[in-house]
Amino acid sequence: MDQRYQKLMDCYACFQKKISFVPQVALVLGSGLGDYANDIKVVAELDYKEIDGFPTSTVQGHEGKYIFGYVGTVPVVCMKGRVHYYEGYDISDVVLPIRLMKLMGAKVLFLTNASGGINTEFRAGDLMLIQDQISDFVPSPLIGANMEELGTRFPDMSEIYDKKLQEIIKKTAAVNDIPLEQGVYIQLTGPNFESPAEVRMCRILGADAVGMSTACEAVAANHMRMHICGISCIANMACGITPNPLTHKEVQEAADRVAPRFKKLVTKSIINIAKEIPLDE
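The sequence shown runs 3 to 283 under the numbering used here.
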């Protein structure tokens with residue numbers, strides 16, 4: 003058996019011994035949504051360290067645990083703290099948490115993050131619906147022998163972000179008077195912020211926002227045939243767009259300011275997704 007798949011199944015077996023909850027939606031809590039669990043009905047928590055062989059986040063402000071509970075009546079699993087490629091993990095370990103949530107039962111993956119704005123029409127504090135992505139600068143999590151149990155060798159990527167989910171989120175934002183931009187997200191490796199020349203390159207490639215996560219997670223989820231949607235918080239304008247130097251503290255503070263409307267949009271969107279897409283079949 004493939005060692006990566008064996009590791010995944012070992013993590014799943016460990017989860018099953020500790021938690022009996024079956025989620026319908028998997029939510030990755032990016033910067034600004036770290037305390038999202040305070041707003042949902044939590045029924046269980048599982049620290050990443052309690053899962054045998056599970057990668058753990060080393061980033062300040064990223065707690066490492068799964069939160070199980072309900073958004074409205076929708077059963078969800080939330081990742082409170084994600085694993086990044088720049089932390090030194092193999093790319094298969096970076097996406098292992100996503101694959102595990104699919105095995106738990108989640109059909110929808112809701113990705114969130116904080117990013118740098120490349121589109122000059124954006125402003126810090128904007129929310130951007132992710133329509134498509136670029137991840138050529140990060141190794142594909144599908145490199146190596148294909149895990150046939152998870153998906154096909156050559157998965158189609160023409161619609162990574164589910165168009166129906168995008169429409170639901172856009173309608174939800176409009177009904178709740180939450181401004182929502184749309185665009186393409188690009189993942190670079192980090193952990194350094196991008197240089198002005200790299201930001202210009204990203205703009206030429208067609209990106210509207212840049213970050214250090216998300217795209218590889220979406221590739222793994224698409225391989226497993228999950229329905230994917232994503233919202234990026236534009237926490238700052240990328241290097242070179244403004245003359246100001248960038249810091250992680252600035253990103254976190256900006257994301258925290260946006261958090262109330264970010265949380266509202268995520269909550270309302272999850273409830274509406276469950277109404278319009280059959281998740282319990």
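Each residue gets a CB set at the ideal place from its N, CA and C atoms; glycine is no exception.
No experiment lies behind these values; they were computed from the predicted model shown.
Check                                                                                                                                                                 : Outcome
Am I right that residue 286 and residue 113 are in contact with their C-beta atoms under 8 Å? What's the rounded C-beta distance?                                     : For the chain, the structure presents residues 3 to 283; residue 286 sits outside this window and is missing.
Report buried or exposed for residue 57, applying the criterion of at least 16 other Cβ atoms within 10 angstroms of its Cβ.                                          : buried
Using the C-alpha atoms, what's the distance from residue 35 back to residue 46?                                                                                      : 18 Å
Using only alpha-carbon positions, find the residue among 170, 135, 268, 171 that is nearest to residue 159.                                                          : 135
Residue 273 to residue 167, Cα distance in whole Å?                                                                                                                   : 12 Å
Residues in its own chain within less than 6 Å of residue 180 by CB, not counting five upstream and five downstream?                                                  : 263, 267
How long is the line joining the alpha carbons of residue 27 and residue 231, rounded to whole angstroms?                                                             : 11 Å
For residue 234, report the span of its alpha helix (DSSP H) as first-last.                                                                                           : Premise fails: residue 234 lies in the beta strand (DSSP E), 229-239, not in any alpha helix (DSSP H).
With residue 99 as the anchor, note down where its beta strand (DSSP E) starts and where it stops.                                                                    : Taken as a continuous stretch (DSSP letters only), residue 99 belongs to no beta strand (DSSP E), being part of the alpha helix (DSSP H) at 98-106.
State whether the stretch 199-213 contacts the stretch 117-136, with contact taken as three or more CB pairs (one from each stretch) at a distance under 8 Å.         : yes
Using a Cβ-Cβ cutoff of less than 8 Å, which residues in the same chain neighbour residue 281 once the five nearest sequence positions on both sides are dropped?     : 26, 27, 76, 109, 110, 275
Between 154, 23, 260, which lies nearest to residue 368 when the distance is taken from Cα to Cα?                                                                     : For residue 368 there is no data in the structure shown, the boundaries of the chain being 3 and 283.
If you follow the alpha helix (DSSP H) that residue 12 is in, where does it begin and where does it stop?                                                             : 5-20
Please classify residue 1 as buried or exposed, where buried requires at least 16 neighbouring CB atoms within 10 angstroms.                                          : The structure shown does not extend to residue 1, since the chain spans only 3 to 283, so no value can be given for it.
Looking only at its chain, what residues have a beta carbon closer than 6 Å to the beta carbon of residue 269, apart from the 5 residues adjacent to it on each side? : 73
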